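Residues in the sequence shown are numbered consecutively from 1, following our numbering.
From the three backbone atoms N, C-alpha and C, an ideal C-beta is built for every residue, glycine too.
Keep in mind it's a predicted model, so treat the numbers as computed, not measured.
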Amino acid sequence: MLQPATLKFTNPLYGQLIVGPPGSGKTTYCQNAFKFYKELGRQVGIVNLDPANENMDYTACIDVMELITVQDVMDNMHLGPNGALMYCAEYLEEHLEDWLLPNLRKKSAECRYFLFDCPGQVELYTHHASMSRIFERLEREGYHLVTVNLIDSHYCSEPSKFVSTLLLALNMMLRMGLPHVNVLSKADLLKQHEDKLHFSLDFYTDVLDLKYLLEVLDDTPSLKRYKKLNAAICSMVEDYALVSFHLLDSRSTESMLRLRNHLDKANGYIYKAGEEQSVNALMACAVGAEPETLRQSKDIDPYV
Ligand SMILES: Nc1nc2c(ncn2[C@@H]2O[C@H](COP(=O)(O)OP(=O)(O)OP(=O)(O)O)[C@@H](O)[C@H]2O)c(=O)[nH]1
Ligand SMILES: [Mg+2]
């Protein structure tokens, strides 16, 4: 005989992996996002995974610096800062089962949504495998993750820097293989660089017609020989059609709300069972509830 269907409500775990080049605003974002999500009523906590985090103005619920620091590795193993950071990443991976995961399990009674403040050295995500194996293990532990890749919007002001930004973003997306949201951070400063921008902001956020970018690349003789390489990179980025950006000023609630909508779609938080959701919040997040042109204008308008 058929049994009546039973509905099982779970209380899933979620995480944002905040990555991006040094100085792109990861720690500041974590600090502001913590307050922002707390106000929304989420059980949020910050996990510091950066063993050289110096300007942490937040209280981390788990701090890798209690396990290992770059400074200690430099002093004891006689390594330089980059080598020491690689060592720390490998050490953290070795101690996943006896340090990070048990600590996360302990905290998960009070926190279900974690912001992971990650180290900035891009090699850790583009060449080295420890961080991606750590993230993989978190996924197997049941975390619904999204990578938030912060890139300083200052890079829009120079075409060659923007090309390398595109390559970096694509490389990270392909290597990490997780839901991924690219963000141009410090969007509040864009007005200051406005005169240096060759195109309107949607050109940089949508990453559509990159041939125009090639036309404005520096033509000095020493750089001319890279033209073919830049053309090949742009063509590859266009072929994959994966890279686009959202603008963020992490000190503005409106800007954080817009980003939250994208992140909630990416890690599936909008489908969270059992959470009280106002119809408005759901409508704002629902896929397709907002035409793409409207979304873009809302994202871009405040910064132009
Ligand atoms: N104007 C502006 N400044 C910002 C913003 N976010 C961060 N900053 C500044 O950028 C600088 C670097 O910010 P951090 O948050 O330390 O950057 P990070 O990515 O954590 O840096 P590392 O940990 O060294 O890789 C700080 O001086 C911040 O105050 C922003 O949205 N707008
Ligand atoms: Mg930091």
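The beta carbon of threonine 165 sits closer than 7 Å to the beta carbons of Ile151 and Tyr155 from its chain, once the five residues preceding and following it are set aside; these are given in chain order. Histidine 144 is positioned such that its CB atom lies closer than 7 Å to that of asparagine 267. Between cysteine 30 and leucine 170, the gap from beta carbon to beta carbon reaches 7 Å or more. Serine 185 sits in a strand when the DSSP states are folded into three classes. In terms of Cβ geometry, serine 185 and serine 24 form a close pair [threshold 7 Å]. At a cut-off of 6 Å, the beta-carbon of lysine 26 counts as near ligand 2: some heavy atom of the ligand is closer than that. Residue Lys38 holds the alpha-carbon nearest to the alpha-carbon of arginine 260 among Tyr91, Leu208 and Lys38. A distance criterion of 6 Å places the beta-carbon of aspartate 188 in contact range of ligand 1, judged by its closest non-hydrogen atom. A Cβ-Cβ contact shorter than 7 Å links serine 255 with leucine 248. Looking at the backbone, the Cα of methionine 131 and that of glycine 15 are separated by about 15 Å. For threonine 147, the enclosing beta strand (DSSP E) covers residues 143 to 152.
Secondary structure at tyrosine 303: helix, using DSSP grouped into helix, strand and coil. Under DSSP, isoleucine 62 forms a beta bridge with Val47.
Inclusion of threonine 28 and serine 252 in the CB contact set at 7 Å is not warranted, their separation being larger than that value.
When secondary structure is reduced to three states using DSSP, glutamine 16 falls in the strand class. Histidine 95 carries a coil assignment under DSSP once its states are collapsed to helix, strand and coil. Each residue's CA atom was taken as its position, placing isoleucine 46 and tyrosine 113 some 9 Å apart. Under the criterion of beta carbons closer than 8 Å, leucine 189 and serine 160 do not qualify as touching, at roughly 20 Å. When only Cα atoms are considered, alanine 231 and leucine 214 end up about 7 Å apart. Per DSSP, the unbroken beta strand (DSSP E) holding leucine 115 starts and ends at 113 to 117.
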